[in-house]
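Report on the following structure.
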Amino acid sequence: MALPLYRTALIGSTAGIALVLSAPVQAQATQPTESATATDDAADKDTIIVTGFRRSIQSAIESKRQADVVADIITAQDIQGLPDVSIAESLARLPGVTSQRTGGQSSALNIRGLGQGLVTATLNGREQVSTSRADAARSIEFEQYPSELINQAAVYKSPKASLIEGGIAGQVDLATVRPLAKRERISGSLNVRGQYNDRADESPDADSYGYRVSASLNFKLLDDTLGIALGYSRLAQPNVATRFVGYDYNAGNRIDVNGDGQLESPGFGFEGAQFGGNEVRDGALAVIQYEPTPDLRILIDGYYSKFSSDVRRRGVRIEGLGNIAAQDVSNVILSNGAIIGGRIQSGSGLTATSVNQDESDRNKLYTIGGNIAKDLGPVTITLDAAYSRADSAFNNSGVNVDAYDANGQRLSATRGALVVDYKLNGLDRPDIAINHDFTDPTRNLFQGFYIVPEENRDELKAFAGNVKWNIDGGFIQSLEVGGRYAMRDARRTITSFASFAIPAPVQIPAGLAKGAGFTGRFARAGLPNFLAADIDGLLDQFVGANRTVDQSQGFTRDQSFTLSEDTLAGYAQLNYAGDLGSLPLRGNIGLRVVNTDQSSTSSTNDVFVTVGDKFTEWLPSFNAVLELSERDFIRASASRQLSRAGFFDIRSSVQITFDGAGVPGGSGGNPFLRPFLANQFDLGYEHYFGNNGIFAVGAFYKDLKTFVINGTTTGFNFRENGFGALLDNAPPTATGAPKQDIGTFSQPINGQGGYVWGIEANYTHAFTDLPAPFDGLGVILNYSYTKSDLSITTSTSGAPTSITLPGLSAHVANPTVYYEKHGFGARVGVRYRSKYVAPQVGQVSNPAINAAETVVDAQLSYEFQAGSPMQGLRLLLQANNITDAPNRTYWGTEAQTSTQQYFGRQLFFGAAYSF
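In the working numbering, the protein residues as written are 11 to 925.
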């Protein structure tokens, strides 16, 4: 079901400083600037070197001073300072950056309130492909990038012409180590940590324990002209969750349940489930850096990541409430025109089933790049080539287990045989009672299987080059011109296997199911115990090896596609520095021009169609930094930026069906979609407290000129719009009525935009002027506020309701308090975001509202100091999600419960050794 037409846009917040501060941006054709940590490694050995987290703050402060765009960065010291499983959790501590948790850990980023689809990501300045299954989005899944192998991560909130286009929300650049920047000729590290999840024992399919290991080695050879860096990381952890889901509401079947003449909307049902399994991630890195002469620099880097996840989902499900008749509802509880409780009986669609579903996810990511830079006097020529590929294979399999009575009749077939009493309690646990024993194998029978494999590939080849001419003695410091050609190909293939060969419902054989149940708050909610089936064992016994998958089911063909996208970009950029009156002024001004040629091939009612479009966008940018004094800066930026639509939106497939009267209804992608476009402005003030701190405040405004929305057109003439062949090839109508040409059609379209604005504030300070022992204290405080006039219209309870844009939290705060002295370190970090909208489990495409959440992490550490025989060894005790903060969502109002999902606390204990 398509969402009603709505206006959307983004939100943002401006440059402040958090765990780290701004850093200079690199053009995509040049090798990234080495992180602040590595730069410090090159310091003279006689210099007093500040170590640990405080060093990273000082490095960040200096990076902020020198930045020529609005940006925030984190260095390796910050990344390793808290128990972050993925780099997304580290980035989510920056001002204006938030994350969405999936499986208990951060995977997707929102920047300045804008969703992950409007965030671009690069590795060492090169665009990255995606393993994401979320409607074939372009956004990367950050859990593919182990925090242990990332040396620096930067979030660029304002663009410049030399940066790759594509991120209205912002651009995230992940940088790996540069071995020649290391101080020692041979250096390395080894990390080992054990892991414990305190909720894993609630699931019959989960192990409570896991581990993380990583190792890195850096060499400098040939008189320090050749550097080699190698790294490896492995994470093996339990995948655990306990979840209750209240499905969304059926606006198409509103009924009067209490006789007052008003129509109310029933929910589609609810589900309680336990998730248990494991995740394993391996990452490997290799970097070769060669500088045989001062004017020649060669860099080759490669990265490989493999991620696998196996999850077993077991529980109970009540469905059919969305089609219930008024006569089967009593003791009804209403809120905002929605049914949130009462007694429901079978007779008009109510069903009870056991949830037995296995999900496996296999992702591989390959990326390699080469860069060569040559200085010819005042001119530097740089060439860059990159290849990146992501392969993902997802498999969803399960068995259909229904509730029966003692006579072998489905409970759903007899009025009153199945009775469900329930009451949703908003953000608290529900109250549920069901008159059925889900653990009795004689009354819970199965008859069929399903297997739905899905394969995705995203592949990118890119070639870039630029020429930089350094100009002495004038306001113009340098001129850069360059270009980039990229070829990106994506495809999705969905197949299915469905076996209903069992002639009649049968019991699950002994040994292929075991009793399981809920504990704690979900047991108190009344969620019943259930049978957890061995799906692989049932398939082996009843189906055997004959599990051929194909595309005989229509949805598999309609949702499969291939896409080709070629982009050619050119840019020119002036870098300037001089005086405005008596005040130093520096920055850049430039123009980037991008031509896009996109096309898609898909099957539409068994007709393969290839269509596409070409377009050109002009993207000017301006950045300026005015130095009021050595400690006070004004930073400003103005630019135009784009973000391309997701692959699933651009697909060419269209599906057409007919109702009983022969009226067609169609939906599909739109290969003629143009990008999201925005004019954006930043203005900020920064005050530095020497090397020990900073106060920064900034504002931003984004004027969205166009936005991709989901539109529905009534009175759409399919034949006149080129779909005549699809009408003719579609199957006959079920009633035999003649097929008509005019109906309704839904697809993504370019809608009008609106504004997004926000403010960000940051205060960072190391209190070195306090008397001992308090001089080891420090704080990092940041806050952002965002607002937009763009909204989505939804109908989760029947009447249309306006809700905010997906990913937009009005308030975001990230305080961190730390203490560091004599090798002892302690840190507590908090991530808070107010409510926001995100896609949610349901039977129609209505978005749910995520309630405000607060996640607390902490770490204790001790590093043996110089002179100790164990110098270089660091002991760690870390805790993630200390309060076991859940994901809680609701439909429209808090009374309409959507999801309550708990992931458990994660504890880590280990050691790190560096030399």
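Glycine included, every Cβ here is placed at the ideal spot set by N, Cα and C.
For Ser-109, the enclosing beta strand (DSSP E) covers residues 107-112. For Lys-74, the secondary structure class from DSSP, reduced to helix, strand or coil, is helix. Here the alpha carbons of Phe-254 and Gly-426 stand approximately 25 Å from one another. Within the same chain, Pro-214, Arg-324, Lys-524, Ala-526 come within 6 Å of Ala-542 by CB-CB distance, once the 5 residues on both sides are set aside. Taking C-alpha positions only, Arg-203 is separated from Tyr-219 by approximately 11 Å. If you draw a straight line from the Cα of Ser-609 to the Cα of His-697, it is about 49 Å long. Boundaries around Gly-204 are those of the beta strand (DSSP E), 196-207, since no alpha helix (DSSP H) includes it. Within the model, the alpha-carbon separation for Phe-733 versus Arg-684 is close to 21 Å. Here DSSP, grouped into helix, strand and coil, assigns Asn-120 to strand.
By the C-beta criterion, the region 627-643 is judged not to be in contact with the region 477-490, since fewer than 3 inter-stretch pairs fall below 8 Å. In the three-state reduction of the DSSP assignment, Arg-193 falls in the coil class, being assigned neither a helical nor a strand state.
The alpha helix (DSSP H) runs lying completely inside the region 601-662 and spanning 4 residues or more are 657-660, given in chain order. Rounded to the nearest whole angstrom, the C-alpha separation of Asp-607 and Ile-759 is 18 Å.
Annotation for Gln-551: the continuous alpha helix (DSSP H) segment containing it runs 545-552.
By the Cβ neighbour-count rule, His-446 is buried, with 16 or more other Cβ atoms within 10 Å of its own. Only exposed fits Phe-784, as fewer than 16 other CB atoms lie within 10 angstroms of its CB.
For the options Ser-398, Val-462, Gln-110, the alpha carbon positioned closest to that of Tyr-376 is the one of Ser-398.
The bridge partners DSSP lists for Tyr-155 come to none. Comparing alpha carbon positions, the residue from Gly-788, Ala-823, Ser-819 closest to Ile-704 is Gly-788. Beta-bridge partners of Val-838 (DSSP): Val-827, Ala-868.
Taking 8 Å as the cut-off, the Cβ atoms of Ser-199 and Ser-226 count as close. The residue among Arg-531, Lys-374, Ile-391 with its C-alpha nearest the C-alpha of Glu-469 is Lys-374.
Taking a contact as a CB-CB distance under 8 Å, the pair Ser-117 and Ser-140 does not count as one, their CB atoms being some 12 Å apart.
Pairing Asp-415 with Leu-548, the inter-Cα distance amounts to about 23 Å.
Taking C-beta atoms as the reference points, Asn-633 and Lys-170 count as a pair closer than 8 Å. Per DSSP, Glu-99 lies in no beta strand (DSSP E); the unbroken alpha helix (DSSP H) holding it starts and ends at 97-101.
Ranking Gly-241, Gly-237, Leu-360 by CA distance to the CA of Phe-278 puts Leu-360 first.
In this structure, Ser-243 and Gly-293 form a Cβ contact; the two beta carbons are roughly 4 Å apart against a cut-off of 8 Å. Note on Val-516: under 16 other CB atoms within 10 angstroms of its CB, so exposed under the neighbour-count rule. With a beta-carbon spacing of about 6 Å, Phe-571 and Ser-663 fall inside the 8 Å limit used to define contacts.
Less than 8 Å divides the Cβ of Ser-318 from the Cβ of Arg-372. Within 10 angstroms of the beta-carbon of Gly-521 lie fewer than 16 other beta-carbons, which makes it exposed. For Trp-767, the closest C-alpha among the options Thr-112, Ser-73, Gly-123 is that of Gly-123. Asp-78 sits away from Gly-764, with the two beta carbons spaced by 8 Å or more. In the displayed model, Thr-566 falls within a helix according to three-state DSSP. One alpha carbon belongs to Pro-304, the other to Ser-677, and they sit about 59 Å apart.
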